[in-house]
Amino acid sequence: MPEFSNPFAILKNDRKLTREELIRAIRFMVAAEYEAIQLYQQTAESTDHKLARAVLLDVANEEKEHAGEFLRLLQALDPEEETFYKTGYEEVEELIAKLKK
Ligand SMILES: [Fe+2]
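If you want it as structure tokens, here you go:
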């Protein structure tokens, strides 16, 4: 699991998560999905066992769906964050357009 922070350290037994704590936990979950994708794809590419490869690649794709679910949830919980993503997309679109010239 990613170790850039431990959102579970913020959990208390005597109360529910705040909105900000929930957002941080969801970000951690997105990172965990990407890490799982990496692990499954890397393992699939490292074996000649056809069934293992097929299962690992299938599960990797399921993790991509999970990442999408968490990203959509994050967008619902924190719509402002989406504006930063859009700015990043636009910057890359500009680079793509420059490289096509
Ligand atoms: Fe998952």
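The sequence shown begins at 1480 in this note's numbering and counts up one residue at a time. Backbone N, C-alpha and C define an ideal beta-carbon position, used for all residues, glycine too.
Residue environment, residue i, which counts as buried when at least 16 other CB atoms sit within 10 Å
{"i": "Ile1505", "result": "buried"}
{"i": "Glu1542", "result": "buried"}
{"i": "Leu1556", "result": "exposed"}
Residue i vs residue j beta-carbon contact at 9 Å
{"i": "Leu1536", "j": "Ala1523", "result": "yes"}
{"i": "Tyr1519", "j": "Ala1539", "result": "yes"}
{"i": "Phe1549", "j": "Glu1514", "result": "no"}
Contact with chain D by residue i, beta-carbon distance below 9 Å
{"i": "Ala1533", "result": "Protein chain content of the structure displayed is limited to a single chain, and chain D is not contained in it."}
Legend entry - Below 7 Å from a heavy atom of ligand 1 - residues by beta-carbon: Working through the chain, the matches are Glu1512, Ala1515, Glu1541, Glu1542, His1545.
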